[in-house]
Every structure is written in C-alpha cells, then in structure tokens.
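Enquirer: Residue numbers (this note's numbering): 38 to 424.
The beta carbon of each residue, even a glycine, is placed where N, CA and C say it ideally should be.
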Amino acid sequence: MTSLLLTGIGSLVTNDPARSELLGEIRDAALVIEGSKVAWVGSRRDAPAADSALDLGGRAVIPGFVDSHAHLVFAGDRAEEFAARMSGTPYSAGGIRTTVAATRQATDEVLTANVARLVTEMRRQGTTTVEIKSGYGLTVADEARALQIAGQFTEETTYLGAHVVPAEFADDPAGYVALVTGPMLEASSRHAKWVDVFVERGAFDEDQARAILTAGQGKGLQARVHANQLGEGPGVQLACSVGAAAADHCTYLTDVDVDALASTGVVAGLLPAVEFSTRSPYPDARRLLDAGVTVALATDCNPGSGYSSSMPLCIALAVREMHMTPAEALWSATAGGAASLRRTDIGRLVPGARADLAVLDAPSYIHLAYRPGVPLVTQTFVGGRPV
Ligand SMILES: [Zn+2]
38 MTSLLLTGIG SLVTNDPARS ELLGEIRDAA LVIEGSKVAW VGSRRDAPAA DSALDLGGRA
98 VIPGFVDSHA HLVFAGDRAE EFAARMSGTP YSAGGIRTTV AATRQATDEV LTANVARLVT
158 EMRRQGTTTV EIKSGYGLTV ADEARALQIA GQFTEETTYL GAHVVPAEFA DDPAGYVALV
218 TGPMLEASSR HAKWVDVFVE RGAFDEDQAR AILTAGQGKG LQARVHANQL GEGPGVQLAC
278 SVGAAAADHC TYLTDVDVDA LASTGVVAGL LPAVEFSTRS PYPDARRLLD AGVTVALATD
338 CNPGSGYSSS MPLCIALAVR EMHMTPAEAL WSATAGGAAS LRRTDIGRLV PGARADLAVL
398 DAPSYIHLAY RPGVPLVTQT FVGGRPV
C-alpha cells in the first residue's frame, strides 16, 4: 500500500468529533493518505514520512461534500418550465410527470450517460459521496432499471417509486400504492439501500406514506422522507415515528415538528437550491440548529425544482439566506450529510476514515460562502485517488 503526504495545508477541516470546536480545524496542517484511507492528520511540522508528497502551498483542505439528496436518473430537462416559473407560474409536484414520460422512453445508455455527466460535474465541485434516487420510472421495470444504473455510481441508492402517482393511476392511487409496496418493491429492493416517499399534497398522504415506508423497511431498506416542502404536513412526524434517517426539505415546520426532530435525532435535510430555483421562502435553519436538530445540506439536484449539482452554492445560500455560520454550513454539507446517510467513514478527515477530500484554491473554507459562484475546488480525492 502506497502512502501520500499532503502538506502545506493552510487550513485543514477534520470534523473530528473528538476536537472541541465544530470543524476540528488545524492550521498549517498535513495529512497522510494510505491506500484509500486517511492514515494521519496533524500539524505540518509533525508529519511522518510517506512514499510521495504534495505541497498544497497554503490551500485549504476540507472533507469531500456528502450530497445526501439527489435525483440523477432522468432524461430530458425542464428549462421551459423554469422560464415559465420565473415569469410567475408557481411550482407544483405535477411537473415530475413530464420527466417520467421522457425517462421511460430513454435507453439505458442515455440514462447512464446522464448520471455519469452529473456525477462528474459534482466531483469537480468537491462532492465525493452522492445519494441517488429512482422516481422517474414509476413502473416495476423502470424503477428497478433506475436503481441498477444509480448503483453503478454510488452505494447510497434510494427507491422512490412513491415520487408521484403516475398519470395512468390518476384514478386509482390505492392501486399505485399497492404496486409500490408489492411488485415494484420486490423488483427494486435488492438494488437499493433506502426507501423514500414524497409526502405532500398532490403526491402521497400520511397513511399511504406510512404503508410504503414500512413495506420498504420490511424488505431491509432504511427510510428517508421528502417532508414539509410546500406546506405544513405530516411528513416530518411520520419520519420520526418510523425511525427514518432523515426528513428532507423541512421548509414549513410546526413547533411539534421541530421538537420531534430534536428528540429523535432524525436529520433535517435542507435543500436551499430548491427554494432558490422555485423562488420560495427558505427553511428556518436557525430555528432547527438552536433546537439542537442535526442539519444536513444537500442539492436535491433534479431537472424540475432545482437543477444545481453544486454543494458550494448550497453553502453560500445557507449562510447568506438561512443565517447559518460558514462553519455550520460546511459541517452540514459534509458531516451532516454523512449523518443523514448513517455513515461514520465519510464526512470527516480522521485516521481510518475514507480519504475523500477537496482542495480549495483559498486559504480557508470560509471562502466557499465569501466567494459565491467561484469555482474554488481545484482537486477532489475519492478513496485516496484524485478524480
Ligand atoms: Zn427530492
């Protein structure tokens, strides 16, 4: 196993929970990669020898971003819908059906190439782990196909047969829930780690969502939920009551919702690129953080409500629009994402963790929010290798 010493690190964010301050930042630092893992972190002057060395000239190093919410298996785009929305047409869940129609018609090659393109785009921006959902197939064969394609790019695959009721079941939503909890789950579960439901008016109600999540859990999948995006509703408390890892969106919350998240430890996934792209009010991150809720930031990259693959954009929005500190936003985009995916081997740079990291052309992580829109990530390492 060969080792690589990264030295001359102006600021190293470790997210080491054993260090007192949130990010466990080390100035004038070094880090040793051995094989696919971090072997050592500390002050540059204490660094051990390694097979090779790379001097980063004062640049900052952060854990790679963990994007815990993305919809990448689709065909086509909805640029016209975006343009209409910016001219005053409100966003509704129904637009998903447009992408479903395009995705069903696409070949495996087209879908795979589109995911590859988006994952490459994400890596260039420092993302080292991405969760990928199905949800634009909505037939037994198309959902299983989407998950098989997603599985070529990530271990974090999510069965989202319950994204929306497809047009052919418009008069029979109960029949669709039976499909999602029956044959579709049967075909999809072996390709997925997670089961997810879009709990929203126009999508799935509380009883339907509970049936879908518990059926998935019965097949060994872990639960996560699209909750409280477009209005208050049962999603967050359902996530808490079924033992989900995450309730994502959390834009409209009651005090009871916030208390439930804080007391159960369910991670609140905030997806500010969606509010940005739908010109909607942002979630109240301060209220959640002040209540002790674990917050993750993710892109929700999808062709409808927010087509950004950029975690740095999410950080800039979280700081500028949601009043998170730069440190809280970076933590939520890395360690918070890892918590949302129930992972302890990523989202931190400590000995034994996967060597997933991003090098910034800046002296500190603060520049991610301070210099919005600037491509600061100069190099991304996944499993110890530059990508
Ligand atoms: Zn989503």
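1. One question on the structure: do LEU288 and GLN259 come within less than 9 Å of each other, judged by their Cβ atoms?
2. Could you check which residue in GLY253, GLU365, ALA153, VAL110 has the C-alpha nearest to that of ALA215?
3. Rounded C-beta distance between GLY343 and LEU308? I'm assuming under 8 Å.
4. Does ligand 1 have a heavy atom nearer than 8 Å to the CB of LEU148?
5. State the DSSP-derived secondary structure class of ASN52, mapped to helix, strand or coil.
6. Helix, strand or coil for PHE241 per DSSP?
7. Between ALA211, THR218, LEU222, which lies nearest to ALA183 when the distance is taken from Cα to Cα?
8. Classify VAL137: buried if its beta carbon has 16 or more other beta carbons within 10 angstroms, exposed otherwise.
9. With respect to 8 Å, is the separation between the Cβ of ASN339 and the closest non-hydrogen atom of ligand 2 below this value?
10. Report the option in PHE313, GLY384, GLY389, PRO409 whose CA atom is closest to the CA atom of VAL98.
11. With distance defined between alpha-carbon atoms, name the residue in GLN189, LEU413, ALA240 nearest to VAL201.
12. Flag PHE235 as yes when its Cβ comes closer than 8 Å to any non-hydrogen atom of ligand 1, and as no otherwise.
13. So GLY421 and SER73 are in contact, right, with Cβ under 8 Å, and what is the actual spacing, rounded?
14. Near LEU59, which residues of its chain fall below 6 Å by C-beta distance, leaving aside the five closest residues on each side in sequence?
15. Classify ALA199 as helix, strand or coil using the three-state DSSP reduction.
16. What number of angstroms, rounded off, separates the C-alpha of LEU197 from the C-alpha of VAL232?
17. With DSSP run on the structure shown, which of helix, strand or coil describes ILE403?
18. Tell me whether ASP285, by its Cβ, gets closer than 8 Å to a heavy atom of ligand 1.
19. Please specify which runs of the alpha helix (DSSP H), each continuous and at least 4 residues long, are wholly inside the region 112-170, giving them in chain order.
20. Out of ILE63, ARG141, ILE169, THR149, which has the shortest C-alpha to C-alpha gap to VAL177?
21. Pairing CB atoms from the region 314-333 with CB atoms from the region 354-363, are three or more of them under 8 Å?
22. Report the residue ranges of all alpha helix (DSSP H) runs contained in full by the region 81-114; include only those spanning at least 4 residues, in chain order.
23. Going by other Cβ atoms of all chains shown within 10 Å of its Cβ, with 16 needed for buried, is GLY125 buried or exposed?
24. For the beta strand (DSSP E) containing THR417, list its first residue and its last residue.
25. Just checking LEU308 against ligand 1 - is the residue's beta carbon closer than 8 Å to any of the ligand's heavy atoms?
26. Helix, strand or coil for CYS338? Go by DSSP, reduced to three states.
27. Starting from the C-beta of GLU312, find all residues in its chain whose C-beta is less than 6 Å away, skip the five residues before and the five after it, and write them out in chain order.
28. Hey, how far is the Cα of THR460 from the Cα of ALA264?
29. So if DSSP puts LEU307 in a beta bridge, which residue, or which two residues, is it bridged to?
30. What residues in its chain sit with their C-beta under 7 Å from that of ALA392, if we drop five residues either side in the sequence?
31. Straight-line CA distance for PRO271 to TYR407?
32. Give me the Cβ distance between ILE186 and VAL110, rounded to the nearest whole Å; I'm assuming they're in contact under 8 Å.
33. May I ask you to check if the CB of LYS170 is nearer than 8 Å to at least one heavy atom of ligand 1?
34. Just the C-alpha distance for MET123 and ALA276, rounded to the nearest angstrom, thanks.
35. Any heavy atom of ligand 1 closer than 8 Å to the Cβ of HIS106?
Expert: According to the structure data:
1. By 1-based counting over the sequence shown, the position of residue 288 is 251. By 1-based counting over the sequence shown, the position of residue 259 is 222. As written in the sequence, residue 288 is Thr, which differs from the Leu given in the question. Not closer than 9 Å, so no.
2. In the sequence shown, residue 215 corresponds to position 178, counting from 1. It is GLY253.
3. Within the sequence shown, numbered from 1, the residue matching residue 343 stands at position 306. Within the sequence shown, numbered from 1, the residue matching residue 308 stands at position 271. Correct: roughly 7 Å between the Cβ atoms.
4. The sequence position of residue 148 within the sequence shown is 111, counting from 1. Not so, every heavy atom of ligand 1 lies at least 8 Å from the Cβ.
5. Against the sequence shown, residue 52 aligns to sequence position 15. Residue state, collapsed to three classes: coil.
6. Within the sequence shown, the letter at position 204 stands for residue 241. Strand.
7. Taking the first residue of the sequence shown as 1, we reach residue 183 at position 146. Among ALA211, THR218, LEU222, the Cα nearest to that of ALA183 belongs to LEU222.
8. To locate residue 137, count along the sequence shown from 1; it is residue 100. Buried, since its Cβ has 16 or more Cβ neighbours within 10 Å.
9. Because ligand 2 does not appear in the structure shown, any question about it cannot be addressed here, the ligands present being ligand 1.
10. Along the sequence shown, one-based indexing puts residue 98 at 61. Taking only the C-alpha atoms, the option nearest VAL98 is GLY384.
11. Counted from its first residue, the sequence shown places residue 201 at position 164. Measuring from the Cα of VAL201, the nearest candidate turns out to be ALA240.
12. On the sequence shown, residue 235 is found 198 positions in, with the first residue counted as 1. Yes - ligand 1 has a heavy atom lying nearer than 8 Å to the Cβ of PHE235.
13. Numbered from 1 along the sequence shown, position 384 holds the residue referred to as residue 421. Numbered from 1 along the sequence shown, position 36 holds the residue referred to as residue 73. That pair is a contact at about 4 Å.
14. Start at 1 with the first residue of the sequence shown, and residue 59 comes out as number 22. So the list reads ALA364, TRP368, once near-sequence residues are dropped.
15. If you number the sequence shown from 1, residue 199 lands on position 162. DSSP places ALA199 in strand when its eight states are reduced to three.
16. Mapped onto the sequence shown, residue 197 falls at position 160. Mapped onto the sequence shown, residue 232 falls at position 195. Distance between the alpha carbons of LEU197 and VAL232: 6 Å.
17. Here the question's residue 403 lines up with position 366 in the sequence shown. Three-state result, ILE403: coil.
18. On the sequence shown, residue 285 is found 248 positions in, with the first residue counted as 1. Yes, Cβ of ASP285 sits closer than 8 Å to a heavy atom of ligand 1.
19. 116-123, 133-142, 145-161
20. Numbered from 1 along the sequence shown, position 140 holds the residue referred to as residue 177. Cα-wise, what sits closest to VAL177 is ARG141.
21. As far as the Cβ criterion goes, the region 314-333 touches the region 354-363, which means the pair count is three or higher.
22. none
23. Position 88 of the sequence shown holds residue 125. With fewer than 16 other Cβ atoms within 10 Å, it is exposed.
24. In the sequence shown, counting from the first residue as 1, residue 417 sits at position 380. Its beta strand (DSSP E) spans residues 414-419.
25. Position 271 of the sequence shown holds residue 308. Result yes, Cβ under 8 Å from ligand 1.
26. As a working note, residue 338 is residue 301 in the sequence shown. Strand, per DSSP.
27. Position 275 of the sequence shown, counted from the start, is the residue given in the question as residue 312. Same-chain partners within the cutoff: TYR319.
28. The question about residue 460 has no answer, for the chain in this structure spans 38 to 424.
29. By 1-based counting over the sequence shown, the position of residue 307 is 270. BP columns for LEU307 point to LEU334.
30. If you number the sequence shown from 1, residue 392 lands on position 355. Excluding sequence neighbours, ALA392 sits near ILE70, SER73, LYS74, VAL75, PHE418, GLY420, GLY421.
31. Indexing the sequence shown from 1 puts residue 271 at position 234. Indexing the sequence shown from 1 puts residue 407 at position 370. Each residue's Cα considered, the two are about 37 Å apart.
32. For this step, residue 186 is matched to residue 149 along the sequence shown. For this step, residue 110 is matched to residue 73 along the sequence shown. Confirmed, Cβ separation roughly 5 Å.
33. As a position in the sequence shown, residue 170 is number 133, starting the count at 1. Yes, the Cβ of LYS170 comes within 8 Å of a heavy atom of ligand 1.
34. Locating residue 123 in the sequence shown gives position 86, where the first residue counts as 1. Locating residue 276 in the sequence shown gives position 239, where the first residue counts as 1. Straight-line Cα distance between these residues: approximately 32 Å.
35. Looking up residue 106 in the sequence shown gives position 69. For ligand 1, at least one heavy atom lies less than 8 Å from the Cβ of HIS106.
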